[in-house]
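Counting from 1, position 191 in the sequence shown corresponds to residue 189 in the numbering used here; the numbering is continuous, with no gaps.
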Amino acid sequence: MTQNGADEGMPEMITLAYADSTPDLVLLLIHGFPLSSRMWEPQLAELGYHARVIAPDLRGFGDSEPVDGEYMMAELADDCMALLDALGLDGPIVVGGLSMGGYIALELVRQQPDRFAGLILSSTKAGADNDDAKSGRDATIAKVAADGIDPVVAGMLPKLLAEATYESDPDLVDEVEDILRASSVEGTMGALAAMRDRADSTAMLPTIQIPTLVLHGTADRVIPHAEAEAMAAAIPGARLVLIDGAGHLPTLERPEAFNAAVSAFLGEIAATLDEA
Ligand code: MLT
């Protein structure tokens, strides 16, 4: 030991610059109804270069706790932000949502327009439910209360994917059914109420100031791609990517095309943040 306490033969401590493979940018991916984070598996596997990807299971879905009662979009949005807070992630966030997840992403941007570095809207729309759609939600809630998740699986499974996928990729159909069946009765009923009561986001679209990517499958039979075209036209500077042949779940049906578009978008945002 020398007098100043440094071990002989040990290098002098200096400050090193370093590269870190965990990016600062967070990509928060919010799933659709009645799905879970499993619908983002190809994105969790591939998009980690530009952003740390966090995909929650919303309350009552996947492995998250079922909570009784009617949910509100604002609550589902708060749950996602509480998760990021609990993980200590207070840096820049790109928020992305598919279908119901898109309704939640729009709710987040409405609540905290300055909190996000980018927005991704997939297979979703800005408008609220009309009276017929609201009655349909109530009828489905009553069916789920009486018969469990089966009526929702029977109603949604045949239209979630592009028509051709049911013949060409039966394994994917089984996988999607498995994801649907993992949804709790509480979560399904709660989220149906949240979708029924959601705000109309059409008027806020021209006020969105952050880079926005709108993605939609050309063979989506749940929400027509005209909705994506209308949103992209209304959001200043938004980029529209239509994914050929994909149905309502392009994340699983055309992961290469979906990931390529998101990766390019994240790369541009990451570059802007590096410059700042
Ligand atoms: C979804 O895929 O999240 C839902 O079908 C959207 C909706 O029912 O409005």
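Cβ atoms here follow ideal geometry from the backbone N, Cα and C, with glycine treated the same way.
- Contact annotation: Leu26 and Val93 have beta-carbon atoms nearer than 8 Å.
- The beta carbon of Leu42 lies closer than 7 Å to those of Val51 and Ala53 in the same chain, with the five residues before and after it left out.
- By the neighbour-count criterion, in which 16 or more other beta carbons inside 10 Å mark a residue as buried, Asp272 falls on the exposed side.
- Within the same chain, Cβ atoms closer than 8 Å to the Cβ of Leu23 are found at His48, Ala49, Arg50, Gly89, Pro90, Ile91, Val92, Ala115, Leu264, Ile267, Ala268 and Leu271, the five residues on either side in sequence being excluded.
- In the DSSP assignment, His214 falls within the unbroken beta strand (DSSP E) covering Thr210 to Gly215.
- Of the residues assessed, Ser181 falls on the buried side of the cut-off, its CB having 16 or more other CB atoms within 10 angstroms.
- Out of Val183, Met154 and Asp195, the CA that lies nearest to the CA of Glu175 is found in Met154.
- Residue pairing of Gly94 in beta bridges, as defined by DSSP: Leu27 and Ile118.
- For Val107, the secondary structure class from DSSP, reduced to helix, strand or coil, is helix.
- As a beta-bridge residue in DSSP terms, Ile241 pairs with Gly215.
- Apart from the 5 residues on each side of it in sequence, Val212 sits with its Cβ closer than 6 Å to the Cβ of Leu119, Ala226, Met229, Ala230, Ala236 and Leu238 in its chain, given in chain order.
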